[in-house]
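Only one structure is covered here, and it is reproduced in the block below.
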Amino acid sequence: MEKLYFIPGSQDLYGEACLKQVAADVACLKQVAADVAEMVAFLNEKLKGTIVIEQLPTVETSEICLKDMRRVQDDDDCVGVITWMHTFSPAKMWIKGLQELRKPLLHLHTQANEKLPYDAIDMDFMNLNQAAHGDREFGFILAKLHVPHEVVAGYYRHDDVVEKIRKFAQVAKAIGLSHRMRVATFGNNMRDVAVTDGNRLECEIKYGWEIKYWGIGEIADLAKEATDEEVDAKMAEYESKYTMATDNIDAVRTQARYEVAFDKFIAANKCSAFTDNFQDLHGLDQLPGIAAQNLMAKGIGFGPEGDYKIAAFSAVLMKMAEGRKGATGFIEDYTYDLTPGQEVELASHMLEVPASFAATKPEIQVHPLGIGGKADPARLVFDGVTGDGIQVTLIDLGDHFRIVCADVELVKQPLPMPKLPVARIMYRHKPNFEIGTAAWCYAGGAHHSVISTALNRADIEMFARLTGTELVTIGDDTTEEDLRRFTI
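Heads up, the final residue of the sequence shown is numbered 765 in the working numbering, and it's a clean run with no missing numbers.
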C-alpha cells in the first residue's frame with residue numbers, strides 16, 4: 278500500500294518541556310504529542326483504502342529535516358509528504374531537506390483545535406498552537422525554493438479538508454506510478470503523423486517514463502506459444518463479461534491469444550502501458566482489438582499508432598481515478614454533427630476504446646477493417662456512458678510540454694448507428710462547440726486524448742502544478758476573448 282509521510286514542524290525556542298509535548302513520543306501524549314498522533318490516526322481512518330499516513334520525527338533542526346526527507350526519498354512505498362507547522366518552525370532549517378525532496382508535497386495549513394479556548398487561552402497555549410505563524414514561515418521557504426506543492430487550509434477533521442487530502446493522495450500515487458513507468462512501444466509512430474511523436478528522452482527526464490522499443494514479433498511469438506488452456510481461460514472471461522455476437526469464434530480466440538501474450542510480456546518487462554501500430558503488424562493476423570480494450574479496462578495504458586505519450590498519460594490518469602466512480606481511458610476525436618445549437622462530437626477509434634466506457638453490456642463482433650491489410654479483427658462494440666467529464670491530452674512543443682484539459686458533457690447518441698461496428702462515445706464541448714473546439718485547436722490539442730467521467734479539472738490542475746507542466750483549460754468560463762491566449 279502506498280504511503281504519505283507526515284512531518285510536523287517546531288523549534289527549540291521554548292525549552293525542553295515544550296518540545297517534549299510537540300514530539301511524537303507515545304510517552305508524552307498529554308498535549309501536543311497527542312494532537313499529532315491523533316491527527317495521523319484520524320486521517321488514516323478517513324483515508325483507509327486510499328493511502329496510509331506514517332509520521333516522521335518532528336523537525337526541530339536542519340539535521341532532522343534532512344534525515345526525514347532522505348527517508349521520504351529512499352522509501353519506494355512513499356509517494357509524497359504532508360507537512361504541518363504545529364508551532365513556529367524557522368524555515369532556514371528546512372532548506373537542505375527540501376532541496377533533497379523530489380516527491381509531491383502537501384502543506385496542510387491546519388491546527389489541533391477547531392475553536393479557541395477563549396476563557397483559558399494564555400501565552401503557553403498560544404506558543405504551542407501557532408500554525409497561523411509557522412505555516413506562513415514555511416510557505417515562504419517553499420515559494421523561495423520554488424518547490425511545487427499543494428496547500429490545503431482548514432480544520433483537518435472537516436470533510437472538505439479530508440477530501441482535498443484524498444485528492445492529493447490520488448494525484449501523488451499517479452505521479453509515483455509515472456516515475457516508475459515503463460512504456461512498451463511495439464513498432465514506431467505512424468508514418469508522417471506529427472502530434473504522436475516527440476522527445477522520448479525529455480519524457481523520461483520530466484515525468485519518469487521509460488519509453489522502450491520492442492518489435493511486434495515479441496508479441497507474435499508469445500501468442501504462438503499461448504496454450505489452449507490459457508486461451509480458453511480468456512474466452513471464458515470474455516463470455517462472462519461480454520455478449521458473443523459473432524460466429525467467427527476463431528477471430529475471437531486470436532484476440533484472446535494476443536491478450537495472453539500481452540499479459541505475459543507486460544508482467545515480465547514490468548510495463549504499465551504499451552503502444553502498437555497498424556502499419557507494423559508483422560507476424561500478427563489481426564490488429565489487436567479486444568486484447569487492447571480489455572487491457573485498458575484493467576488499468577494498462579494504451580496508445581495507438583505508436584503514441585507513447587497518450588499511452589503513459591492514460592495509465593497515469595487511470596491510476597489517479599482509482600476508487601472513484603466513472604470511466605477513464607483513451608479516445609480519439611473523429612467527426613461531428615453540426616446541427617445548429619445541437620453540435621455533438623463522435624469519438625471512437627478503429628478498435629481500441631476501453632470497455633469501462635460501455636453504457637450497456639458490450640458485444641463481441643468481427644468485421645473487416647479497411648486499414649492495416651490484415652484479417653477481420655474481433656472487437657467490443659458498445660454505446661458510451663453519459664455525464665459530465667473532461668477531455669485531456671499531453672503535447673510536446675519542443676521546448677516544453679503542455680496539458681490541454683477541456684470540460685465536456687458525454688451524451689447519448691441521438692440515433693442508432695447500425696453500420697458503425699466500433700465502440701462509440703459522444704460528447705458536447707463546453708462552453709459551446711465554437712469556442713470549445715477552437716480553443717482546443719489553438720492550444721494544439723491532439724486528436725488522441727483521455728476522457729474521464731471520474732476526474733475533473735481540479736485533479737488535472739493539481740497534477741500540472743506538482744509536475745511543473747504548462748496547462749491550458751477550456752470550459753464554461755472560457756470566452757471568445759480567451760482564444761487569443763491559447764495561441765502558441
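Just so it is clear, CB atoms sit at the ideal spot from N, CA and C, and this is done for glycine as well. Nothing here was measured: the structure is a model prediction, and the numbers come from that model.
Asked	Found
Do the region 596-616 and the region 456-475 touch if we need at least three Cβ pairs shorter than 8 Å?	no
When you compare each of G647, D660, P639, A652 to L623 by their alpha carbons, which one comes out closest?	D660
Let's see if you can read the secondary structure: which residues bound the alpha helix (DSSP H) around Y432?	Element bounds for Y432: n/a, residue is neither H nor E.
Give every residue of the same chain whose Cβ lies closer than 6 Å to the Cβ of G752, excluding the five residues on either side of it in the sequence, and list them in chain order.	D684, K707
If you measure between the beta carbons of V438 and D736, is that distance less than 8 Å?	no
Quick one: is H426 buried, meaning 16 or more other Cβ sit within 10 Å of its Cβ, or exposed?	buried
Are the region 355-367 and the region 381-389 touching by the rule of at least three beta carbon pairs closer than 8 Å?	yes
Do you know how far the Cα of H559 is from the Cα of Q350?	43 Å
When the Cα atoms are used, what is the spatial distance from I577 to L478?	22 Å
Have a look at G618, D653, D524 and flag the residue whose alpha-carbon is nearest the alpha-carbon of M627.	D653
Between E440 and G453, what straight-line distance do the alpha-carbon atoms span, to the nearest angstrom?	20 Å
Is the beta carbon of E507 sitting closer than 8 Å to the one on V537?	yes
Out of curiosity, what's the CA-to-CA distance linking D412 and F365?	8 Å
Using C-beta distances below 7 Å, list every residue in its chain close to L745, excluding the 5 sequence neighbours before and after it, in chain order.	As written in the sequence, residue 745 is Gly, which differs from the Leu given in the question. Contacts found: P425.
Could you name the residues that DSSP lists as bridge partners for R530?	In the DSSP output, where bridge partners are listed per residue, R530 has none listed.
Pairing CB atoms from the region 480-488 with CB atoms from the region 511-527, are three or more of them under 8 Å?	no
Determine the DSSP secondary structure at T552, reduced to helix, strand or coil.	strand
According to DSSP, is V621 part of a helix, a strand, or is it coil?	strand
Given a cut-off of 8 Å, decide if V643 and N554 are closer than it, judged by their beta-carbon atoms.	no
Expressed to the nearest angstrom, what Euclidean distance is found between the alpha-carbon atoms of K373 and Q388?	25 Å
Output needed for E377: all residues of its chain with C-beta closer than 7 Å, excluding positions within five of it in sequence on either side, in chain order.	L343, M346, R347, Q350
Assuming Y519 contacts A568 under a Cβ cut-off of 8 Å, what Cβ separation, rounded to an integer in Å, is found between them?	Not a contact, Cβ separation roughly 13 Å.
Just mark H238 as buried or exposed, buried being the case when its beta carbon has 16 or more other beta carbons within 10 Å.	Nothing in the structure corresponds to residue 238, since the chain is present only between 278 and 765.
Give me the Cα-Cα distance between A544 and E582, rounded to the nearest whole angstrom.	22 Å
Is it buried or exposed for P645, if we count other Cβ within 10 angstroms and need 16 for buried?	exposed
Nearest-angstrom Cα distance between I341 and G286?	10 Å
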